[in-house]
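Chemist:
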Amino acid sequence: MSHKLKLSNNKALTNVVKYSTKEIAVLMGAPMSSPTGETKGVPDVKGMLNIIEDTLKSMPDLADYYYEEMPDNLSDTERYQRSFTFLLQNTNQDVINDVIRKAVLQSTLSDESRDVRDITYLENLQKNTGSWVIPPAIDALAKIINSDNKISGPILTTNFDPLMSVALNKLSVINSRFLLHGDCNINALDTDAVQVVHLHGFWTNTDTLHTPEQLEFDRPKLRASLNSILNNKILLVIGYGGWSDVFTQTLFELIEDDRSKIDIIWCFYGENEERVNESYRNLIESVGPAIQRGRFRAYGGIDCHKFLPELVPEICKLAHKVECVIPKNVDEDSVVSDNDEGTLASLIRKDSSVLPQWTIIKKPAHRYIRDAERSQLIELFKDCNSVNLISEWGLSRDEFISTITENENNEYFECPIFRINMEGVRSEEDLIESIELDYGMKLTTFINSIPDSNSILYFDNFDVTSDLIEYEEVIYELKKLLKIISDYKNNAKFLIASAKTIDVDIPSIEITNMEEYDIRKYISYYKKSADNFNEKVLDRLIHLSKGVPALLDKYIGELEYLSIDDIIDSHYSPNSYDFEDEDNSELKSRIELLSTSEDQESLRSYELLKILSVLENGDAFSNLKRSNSKYSFKSNNIQKLYKLELIDANSSDSQIFQKHSDDGGNKIYVLPTLVREYVYSKLSTEEVFEIAKDLADIHLGKNWREGKLNLNPIVRDQLKNTGKLVGSTNVILLHLLKCSIDLSLSRDIIQAFNISLSYCKSLSDMKKFSELAYFSSNIKSLSKDAYQITSLNLLELYEGKALRMLGKYDRAKECFDKVYEDLNSLNRYYQRMLLLNLTYLYERQGNYDGGIEKAKELLKIEPKNKLALIHLAKNDTVQLKKLETKFRRSGATQPANSASIRLFNAETDFGNKLKWLNKIIRGNNDPYNKHLAITQKGSLLINSGKNLEFTDNEVVLLQNAYSYAFNQKMGAVFKRAHSVLWSLSNQQGDTHIKTILFKYSSLYWRISGDKEAELKCSELLAQSLLDDSAITIDKSKDYYVINRMKQIALNYG
């Protein structure tokens, strides 16, 4: 949607400032300090270019090169940035600082030829307010601020000069200058000092930023601070061109948040509405959400050097009011000295009762995910002061914590959060030092400054990697500190974040990868994605992201300029990974320590990390220890990585109804997401290929290059039980193909493609249709650019079959139609497969004539095709019985069972219907049809008003049918299995099974959007609990169930 600005005039702007009910902050740029008329000032862009050229005259060779590099058609602004980039690349930062100081000195009455590197002289000059010429705009702004009006600051500026501070000092207005250099916090303290914040650096104390790379460099701490100090204020933007820098990026992120209450008043020098809309098109699109909400207003024809002086009498009432107004409760002696400028300590002296709150900028979607964990945390805070929050690297822990205070229905709504960084804390001294350095005050002052009302102290990055003695000491000292704080501030709560459990005495909750319903909800809050992503794109985003918010942000962002196939392609290429996250320096440090170590054990451990980064979804140790020909991995390598928090150990068990216990069986070792991303980014394509080939020998069998698949027993067992290893086998095959293509290895491309087809067949035969749909789709994406692969028909066929079995009929038909156009190119096996799938598809879509036509076409190819014969029999019970008997006697179990299912549907007599189902249930093999039969049997008994009488084996089969349908997302089978198991649990009075059912069925229904089914089930379970007070649910294991019932069940409180 394109937006168009309506420009208001300077009179309207005057009224907005005069009658504002909010405090006003100011963002100002170079025009505010520039010369005007006869008044000196800091040179404009052209003036700056003159100084750069004068500087280069002392370096003739470099000057010639400079003019060669500067095209004549550049605008002044482009030439300005290009010039500073040139200086940075060909000289150094000191030369750039000299240029800036020469420019700033032009706004003084001093000798401009003085040595600009004499910092003492420059700082003394800065204190002498009489030596400076203040341009009209800055002089007027200082007078307005002095008038005690709503323009209270902060004054944010991209300028390097001290003119704003000098103007305020001339009027004896208390001010604090904050100088930014790199990434740091601006603490939004409730202080009476006017804060002047230099966003791009300062002329004496810091390096200055000019090039696009410097201006756009990600500064997360600064971003979070700006979020804190601008929210709920009016921002007056004047004399500012809208640089592409971290500030404008932050402003646009704030605007995207519907809850943001920042109002923006943007002043444009030009007054031609059409020209402004054209010139600032990108800016206008970026502030679109604020325009729609009426929180962005534009004013044209605003010359800051004319408008602000004219505003002074309107605001101050007296045209020359310049007397000093001393803010309340601040001594005149407390004006900040130059040595103290911008430090937290200087501000605390003014008001030791205020602590800077911790805030971050985040996507609004974070407020709507992880409801259960958030509710569990609030619940735990009712009973205890301290909670251990466990999460691996990269799961958006900060974002989760920040949402605790955003729900107006809980007691921590809008309560302050104070963060203490525990990284590297090894002793009592380290703990105290961390707090005192973070907050710039003594520990006693810090404790005294914590509010008496509700507050949360967030101890982040608790390190469990130290040795046992150090670890126990830190735990002891932390608990002692928390006790002291609790004694003084009994409304304070403590949240201790770590990668592993820190102490059994401290209750814990864990943040894990998002469930699919949360992923879908998260995606839905992206305005651009909600309507544009089809189900195919959503499915692949869900798989690729693995439930990690940061990865979802990455991929959704990439979809603005890449196709989903392009993203799949880059996902399997280490060269496309760009790991520049400065917030994870500790993670990188631990990994680098291993990779550069001379210790063999550390090097082996790093090699193990490399292998696991390729696997993505992990592997069993029995496979891992054979996965490298150079090293023989041992258990101490796993232990080392585990101690460094670089690896997780998960149970390989994935059964829903089986009681989980650690019986010492296979564990799956997997890397946390960010660890995997960083390690993988350091690999070359050649390294990935060698690792993938070694892993293929283990997972796929030694003859995989010949297209012969012999799945490893562990892999086969995991595949059978929908275990976690399935994804790793998929990834090995995808890497084999992608690396072969990237390295232009024709023979390897064909080998990888052929073994992938064999794997598709294996998935199809094992009825793993969810896995088949995703895998075949990805192989198809990677194969498109490989000329060695002449046809994708078989992949289309396998994907179509999987989609049909998953009930995605329209997408399945798209796949089948592509293959059918080239039917004659298929061998007889695949022709039969295509025609049979089309037969079933047409029947499901109600196109019975089309189904019969395809069945007849199939019989022309294979006259005795059993399943085609069954289809043509329709509901003819006589013919179906003949076929069923014939097939069962010949040992053709699956066709016989298919005939039995049709007979069940055709019969009307209860006994006959039950007979056909029991034939399937009591037969051998064919688990898929057994799942259909056992769920149909249960439904038949329920609908006939009979008791559910099942043998023990039948109950297990019923539970397996539920698990299979849950994992494969087969709606009809799942619905029946849930209904039968629920009725059976009711009949047996088994609330434990009902709790399990609700836990998993709720997830399924939330993904599929079946609100009615979930509501009904929640109210039934709630009623069971209300009817029998002796029945309880274990909060530690099933908090999701409790929380979800509270959210939706009207009869559960």
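If you're matching positions, the sequence shown starts at 1 in UniProt numbering and goes up one per residue.
C-beta atoms are modelled at their ideal positions from N, C-alpha and C, and glycine is treated no differently.
Touch check for the segment 2-13 and the segment 265-284: three-plus C-beta pairs under 8 Å?
Modeler: yes
Chemist: What residue range does the beta strand (DSSP E) around residue 822 cover?
Modeler: Per DSSP, residue 822 belongs to no beta strand (DSSP E) and is neither H nor E.
Chemist: What would DSSP say about residue 766, mapped onto helix, strand or coil?
Modeler: coil
Chemist: Does the separation of the CB atoms of residue 283 and residue 254 fall below 8 Å?
Modeler: no
Chemist: Decide if residue 1105 is buried, meaning its Cβ has at least 16 other Cβ atoms within 10 Å, or exposed.
Modeler: The question about residue 1105 has no answer here: the residues shown for the chain are numbered 1 through 1053.
Chemist: Does the beta-carbon of residue 21 have 16 or more other beta-carbons within 10 angstroms, so that it is buried, or is it exposed?
Modeler: exposed
Chemist: Determine the DSSP secondary structure at residue 462, reduced to helix, strand or coil.
Modeler: strand
Chemist: Please name the residue or residues paired with residue 649 in a DSSP beta bridge.
Modeler: 669
Chemist: Between which two residues does the alpha helix (DSSP H) containing residue 73 stretch?
Modeler: Here residue 73 belongs to no alpha helix (DSSP H), and DSSP marks it neither H nor E.
Chemist: Beta-carbon within less than 6 Å of residue 933's beta-carbon, same chain only, minus the 5 sequence neighbours each way: which residues are those?
Modeler: 917, 920 and 921
Chemist: Can you check the segment 97-154 for any alpha helix (DSSP H) of at least 4 residues that lies completely inside it and give the ranges in chain order?
Modeler: 119-127 and 136-146
Chemist: Would you call the segment 132-151 and the segment 160-177 touching, i.e. three or more CB-CB distances under 8 Å?
Modeler: yes
Chemist: When you compare the segment 804-819 with the segment 588-598, are there three or more beta-carbon pairs, one atom per stretch, that lie closer than 8 Å?
Modeler: no
Chemist: Buried or exposed: residue 861, going by 16 or more other Cβ atoms within 10 Å of its Cβ?
Modeler: exposed
Chemist: Per DSSP, which residues does residue 24 bridge with? Please list them.
Modeler: 151 and 234
Chemist: Could you tell me which uninterrupted alpha helix (DSSP H) segments, each at least 4 residues in length, are contained entirely in the segment 417-456, listed from first to last along the chain?
Modeler: 428-439 and 443-449
Chemist: Where does the unbroken beta strand (DSSP E) through residue 263 begin, and where does it stop?
Modeler: 263-267
Chemist: What three-state label does DSSP hand residue 198 in the structure shown?
Modeler: strand
Chemist: Helix, strand or coil, according to DSSP, for residue 644 in the structure here?
Modeler: Assignment of residue 644 by DSSP, reduced to helix, strand and coil, places it in the coil class.
Chemist: I'd like the list of long-range same chain contacts for residue 233, defined as Cβ closer than 8 Å, with 5 residues on each side in sequence excluded.
Modeler: 22, 23, 24, 25, 262 and 263
Chemist: Can you give me the C-alpha to C-alpha distance between residue 728 and residue 833, rounded to a whole angstrom?
Modeler: 28 Å
Chemist: Taking the alpha carbon of residue 914 as the reference point, which residue from 940, 930, 648 and 1038 has its own alpha carbon closest?
Modeler: The shortest Cα separation from residue 914 among 940, 930, 648 and 1038 belongs to 940.
Chemist: What's the C-alpha gap between residue 292 and residue 395?
Modeler: One C-alpha to the other measures close to 32 Å.
Chemist: Rounded to whole angstroms, what's the CA-CA distance from residue 174 to residue 127? Just pull it up for me.
Modeler: 14 Å
Chemist: Quick one, are the C-beta atoms of residue 495 and residue 608 less than 8 Å apart?
Modeler: no
Chemist: Which value, in whole angstroms, describes the spacing of the CA atoms of residue 17 and residue 146?
Modeler: 15 Å
Chemist: Which residue comes first and which comes last in the beta strand (DSSP E) that contains residue 493?
Modeler: Note, residue 493: beta strand (DSSP E), 492-498.
Chemist: Identify which residue in 635, 657, 655 and 656 has its Cα closest to the Cα of residue 647.
Modeler: For the residues 635, 657, 655 and 656, the minimum Cα distance to residue 647 belongs to 635.
Chemist: What residues are listed by DSSP as bridge partners for residue 7?
Modeler: Looking at the DSSP output, residue 7 shares a beta bridge with 298.
Chemist: Counting Cβ pairs closer than 8 Å, one from the segment 360-367 and one from the segment 395-405, do we hit at least three?
Modeler: yes
Chemist: Quick one, are the C-beta atoms of residue 695 and residue 615 less than 8 Å apart?
Modeler: With respect to residue 615, residue 695 sits close: the two C-beta atoms are nearer than 8 Å.
Chemist: Assign residue 748 to buried or exposed, taking buried as 16 or more other Cβ atoms, counted over all protein chains shown, within 10 Å of its Cβ.
Modeler: The residue in question, residue 748, is buried, as its Cβ has 16 or more Cβ neighbours within 10 Å.
Chemist: Does the segment 529-548 come into contact with the segment 416-424, if we say contact requires no fewer than three beta-carbon pairs (one atom in each stretch) closer than 8 Å?
Modeler: At 8 Å Cβ cutoff, the stretches do not touch.
Chemist: For residue 484, does the count of other Cβ atoms within 10 angstroms reach 16, so buried, or fall short, so exposed?
Modeler: exposed
Chemist: Is the number of C-beta pairs between the segment 35-49 and the segment 71-87 that are closer than 8 Å three or more?
Modeler: yes
Chemist: Would you say the segment 987-996 touches the segment 811-829, given that touching needs at least three Cβ pairs under 8 Å?
Modeler: no
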